[in-house]
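2 is the number of the first residue of the sequence shown in this note's numbering; add one for each residue after it.
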Amino acid sequence: MKEQLDYQASELGINDLKLKGFKVYEVNDTISKIPTYNRRDFYKICINTSKSLIHYADRGIETDGTILFFGNPHIPYSWEIISPEYEGYACVFTEEFLKANDRSESLHESPLFKIGGTPIFTLSAEQKVFIDSLFKKMIEEQETDYVFKDDLIRNYINLILHESMKMQPSENFFKHKNASSRITSLFLELLERQFPIETKNEPLALKTPQDYAQSLSVHVNHLNRSVKEVTGKPTTAHITERIIGEAKALLQHTDWSISDIGYSLGFEYPSYFNNYFKRLTGTIPKSLRS
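What follows is the structure in structure tokens.
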């Protein structure tokens, strides 16, 4: 029997989560399920032993055994339990709870939670015992009156995060649900790989939708339709925004000449770069250095 694994707010005390920023609970087949596939407003870590099918953004993974899952509030996901019995633990928390008094990188930049990352880890029997023990400690601590229990729970979560980063993520993701999602993901990844510009002597290699389509071995019309369908913006808009963003960074943080910056971004003549920059920003490049 197939079931969708999710939880009613009343059962998990999500209102409590919003007040304290954290909730930990045990997962088993007595909990009510609601089919969902959407974004949440909190991060989630879950250890689960079952045969499952997890949909994460436009990817999916089939599991059979014990896995550790990291849910990101920026990415929609759903969890389909296939086996009749399952067990595990989960905790949900806000970024504010985990990063209290901590000015380190944002959680969505973490290797475990970042968009495009792989959020599922297959655990050995030994790893399962250890991670289970951390969840049990959090459940116990959650019910105490200890003054510093929030700090202690944060330490347990961070221990899970660090132990997980030492593991290799699962590579069993099956392909994207549709070609548009897949090609858009590849385009955005390729676009991001063009930056930052590190030398003024090598101009930007890919500048137009045609350049990206050729590199991805697809027709430019297919690329344009896919990107617009998935992101709501044309391919050219993504490229333009990234070039302008890089231009501003180079103008503000390097001593390169405006001519060198324009050349590094693929503009053969300084006048082409000046006109392009002014048309899109309403001002000339030199103004950013005034």
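By construction, the Cβ of each residue, glycine as well, lies at the ideal position given by its N, Cα and C atoms.
Remember, it's a predicted structure, so these values are computed and weren't measured experimentally.
Asked                                                                                                         : Found
CA nearest to the CA of K21, picked from N29, F43 and Q211                                                    : F43
Pairwise C-alpha distance: L124 and K137                                                                      : 17 Å
Residues sharing a beta bridge with W80, DSSP                                                                 : I55
N222 (DSSP reduced to helix, strand or coil)                                                                  : helix
Inter-residue Cα distance where the pair is A206 and E97                                                      : 40 Å
Bounding residues of the alpha helix (DSSP H) (the contiguous stretch that carries E269)                      : Where E269 is concerned, there is no enclosing alpha helix (DSSP H), given that its DSSP letter is neither H nor E.
F98 - DSSP class collapsed to helix/strand/coil                                                               : helix
Assigned exposure category for P112 - 16 Cβ within 10 Å defines buried                                        : exposed
Straight-line gap, Q91 to Q253 (C-alpha atoms, nearest Å)                                                     : The question names Gln, yet the displayed sequence has Ala at residue 91. Those two C-alpha atoms are separated by around 45 Å.
Backbone CA spacing between I240 and L192 [nearest angstrom]                                                  : 7 Å
Beta strand (DSSP E) segment containing N29, residue limits                                                   : F23 to N29
From A180, S288, D151 and T255, residue whose alpha carbon lies closest to that of V231                       : A180
Start and end residues, alpha helix (DSSP H) containing F122                                                  : Counting along the chain, F122 falls outside any alpha helix (DSSP H), though it belongs to the beta strand (DSSP E) covering I121 to T123.
Among I121, E190 and N202, the one whose alpha carbon lies nearest that of M295                               : Outside the shown range of the chain (2 to 291) lies residue 295, about which nothing can therefore be said.
DSSP three-state assignment for L69, whether helix, strand or coil                                            : strand
Segment contact, 8 Å Cβ cut-off, at least three pairs: the segment 186–205 with the segment 251–269           : yes
8 Å contact criterion, which T67 and K52 should meet: CB distance rounded                                     : With a Cβ gap of about 11 Å, T67 and K52 do not count as contacting.
Closest Cα partner of I245 within the set I198, N156, H163 and I161                                           : I198
Span of the alpha helix (DSSP H) around E247                                                                  : T236 to H254
Other residues of its chain near I259: CB distance less than 6 Å, five sequence neighbours each side excluded : P286
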